[in-house]
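Undergrad: Plus 6 on top of the position in the sequence shown (first one is 1) and you've got this note's numbering.
Before I ask anything, here is the structure I am working with.
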Amino acid sequence: MAKSIFCLLMTMAILVMSGCATSPKSGKGFTLPEGDALAGRANFVSLRCNACHKVDGVDQVAEQGWEAEPPITIGGEVTRIETYGELVTSIINPSHRLAKGYPVYAVSVDGKSKMKNYNDAMTVTQLTDLVAFLQSKYKLLEYELTEYPLYGP
Ligand code: HEC
């Protein structure tokens, strides 16, 4: 009995300690200003993101040496929309988390994303507009609740 109470207290202590300690590198407190999706679409084309990405309503372009094979689709029907934080991270630090649903060799070389680095070529306004545009391309799927028949006696 005493042992189980001790275990419970230890677990609570660990939870409290881990909850309080926010790493200085945490994204907590990060908020992006509202972007303009229309301007984001224009940036998507002018920065040639569409050489490697497929987005509904945007034609793909051929860019020598840049193409991703298969093209990485952004948007579509999902059960959870990518957050601003996730999209910004995907753009400015692509290797942090590689896109899901593709073989590793198709999207990365030696663990590094094949995506072009735009950090010295893009303004913050372009980034916020791009994120607003890309986020508008996701469509949240409604959950279909499973119907369980009622069993009576
Ligand atoms: C040279 C090809 C290339 C170009 C150009 C490129 N990307 Fe990517 N991008 C990739 C690849 C490959 C991935 C998948 C690996 C990864 O997640 O980093 C990716 C992943 C992403 C993701 C994450 C997708 C997901 O489902 O997780 C976003 C968002 C993204 N790119 C946005 C952009 C934007 C915005 C631009 C233009 C400013 C751009 N990319 C230009 C190749 C490219």
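Ideal placement from N, C-alpha and C gives every residue a C-beta, glycine not left out.
Since the structure is predicted, the reported quantities are computational estimates derived from the model, not experimental observations.
Could you give the DSSP three-state label for Ser114: helix, strand or coil?
TA: Correct three-state label for Ser114: strand.
Undergrad: Below 7 Å, is the gap between the Cβ of Ser142 and the nearest heavy atom of the ligand HEC?
TA: No; taking the cut-off as 7 Å, the Cβ of Ser142 has no heavy atom of the ligand HEC nearer than that.
Undergrad: To the nearest whole angstrom, what separates the beta carbons of Val64 and Arg54, a pair I think is in contact under 8 Å?
TA: The Cβ separation is near 11 Å, so there is no contact.
Undergrad: Roughly how many whole angstroms lie between the Cα atoms of Glu92 and Leu15?
TA: C-alpha separation (whole angstroms): 35 Å.
Undergrad: Buried or exposed for His102, please, with buried defined as at least 16 other CB atoms from any protein chain shown within 10 angstroms of its CB.
TA: Under this definition His102 is an exposed residue.
Undergrad: If you follow the alpha helix (DSSP H) that Val94 is in, where does it begin and where does it stop?
TA: Segment Tyr90 to Ile98, the alpha helix (DSSP H) holding Val94.
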